[in-house]
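Taking it in order: structure first as structure tokens, then the write-up.
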Amino acid sequence: MLTVTDLKTHFDTEDGIVRAVEGVSFAIDKGKTLAIVGESGCGKSVTAFSIMRILPCPPGRIAAGKVALDGRELLGLSEGQMRLIRGGKIGMIFQEPMTSLNPVFTCGSQIVEAIELHRGVFGAAARELAIDMLRKVGIPEPAQRFDEYPHQLSGGMRQRVMIAMALSCAPDVLIADEPTTALDVTIQAQILDLLRELQEREQMSILLITHDLGVVAELAHEVAVMYAGRIVERADAKALFSAPQHPYTHGLFRSLPRLGEKRARLDTIPGSVPNPLQLPSGCPFHPRCDLARTLVAGGADAVEVTCDGASCRVFGRCAREEPVLSERTPGHWCACWGAA
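The opening position of the sequence shown corresponds to residue 298 in my numbering, with each subsequent residue numbered one higher.
So this is what it looks like as structure tokens:
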């Protein structure tokens, strides 16, 4: 359905080239969900914007790679051709609904515009479709909300309008960028149930971008873990949750609260995502990696590096060579020199 091959997205700045996405590859089959997870700044949203070709150009540009939908290459299409793909074949739920909705048009008119453009339904029929979709995403009194402007709605309500707009055209692929981030848990459950129902009925493929591993467990068939613009681990969701391999993935799971477990403080990954203008040599995660330090304790080759502002010793290969994403077990890919 959707195939991304060796995608590289760069931003030209006064300080140098920011390699926001560096060699990302994945495929999403029809009716399946791929979740991309990682900290803020790892390149998740830039990947989505690159697929949709809505990057600010300049400074952004797609430096290399291919994006294909049902075998049709998208990066070579004209803007007019791509406009028909957006919304119709590929829908997107944006993370910031207030900046994505037009403040001078009513919420309903914006949904109707998408329906008329991509589904060929007009007038009263388009209005009814829009109101029905607002109802499906849990908006109370949808006929009244249809005629209201974005500023009249709460953040959660605006997010639901964005979801209704994206789903109203029954796209083949839905890109959901943090689709439930502004919603309370009850509405979040309703939205996830709606996405699952539509996926089963329409065989819609979903690219889910999130930092919420609970949402991933609920919806995803496959998971790709991103760090510093690269995919560092990719696997079936069950395999990833039961046996994560990359130290970064282990760190993400350790930071989750668990039922029945009492701790004064949750575990965290030390440090922060590196500045993309000053990425460390070798594996970009090595200054924060527990495994890179543990390997040294076992007598492996060691080098001195700066870890979270202090000097520490890490496995030399981690600091010198960037690991390649390779298949460690059937269907489970990992980019790490020290992972089993």
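Where a beta carbon is used, it is the ideal one built from N, C-alpha and C, also for glycine.
In the DSSP assignment, find the unbroken beta strand (DSSP E) run with residue i in it and report its ends.
i    : result
R527 : R527 to D533
H438 : A quick correction: the sequence has Glu, not His, at residue 438. Here E438 belongs to no beta strand (DSSP E), and DSSP marks it neither H nor E.
V334 : T330 to V334
Note the first and the last residue of the continuous alpha helix (DSSP H) segment covering residue i.
i    : result
Y545 : P544 to R551
D429 : G420 to K433
T591 : D587 to A594
R358 : Premise fails: R358 lies in the beta strand (DSSP E), G357 to L366, not in any alpha helix (DSSP H).
C404 : C404 to R416
F346 : K341 to M349
T483 : V482 to E499
Looking at C-alpha atoms only, which residue of the options is the closest neighbour of residue i?
i    : options                   : result
I348 : T306, E336, G313 and T310 : T306
S502 : G526, L464, A536 and G377 : L464
E530 : V321, L299, I325 and A317 : V321
T477 : Q449, I506 and A467       : I506
V401 : K363, L489 and E445       : E445
F391 : V611, R590 and Q456       : Q456
C339 : F582, E393, T626 and R625 : F582
L426 : I359, C466 and S337       : C466
V600 : A607, F612, A594 and G606 : F612
How would you call residue i, buried or exposed, if buried means at least 16 neighbouring beta carbons within 10 angstroms?
i    : result
V520 : buried
T565 : exposed
D303 : exposed
G405 : buried
E494 : exposed
G435 : buried
Q575 : exposed
R383 : buried
A532 : buried
C354 : exposed
H415 : buried
P554 : exposed
V458 : buried
F443 : buried
V482 : exposed
L492 : buried
Please tell me whether residue i and residue j are closer than 8 Å, where the distance is taken between their beta carbons.
i    : j    : result
M462 : Q407 : yes
A636 : V513 : no
E319 : R527 : yes
I484 : G511 : no
P620 : W630 : no
S578 : R614 : no
P541 : F550 : yes
V568 : R590 : A quick correction: the sequence has Gly, not Val, at residue 568. Cβ distance not < 8 Å, so G568 and R590 don't count as in contact.
L366 : I387 : yes
Can you tell me which residues form a DSSP beta bridge with residue i?
i    : result
M523 : I528
T310 : G313
M389 : I472
R610 : E601
I506 : I333 and D474
V301 : F323 and V364
V318 : T306
E624 : W630
R383 : I387
E370 : A365
At a cut-off of 7 Å, would you count residue i as near the ligand ZN, judging by its Cβ distance to the nearest heavy atom?
i    : result
P476 : Looking at this structure, you won't find the ligand ZN or any other ligand, since it has none at all.
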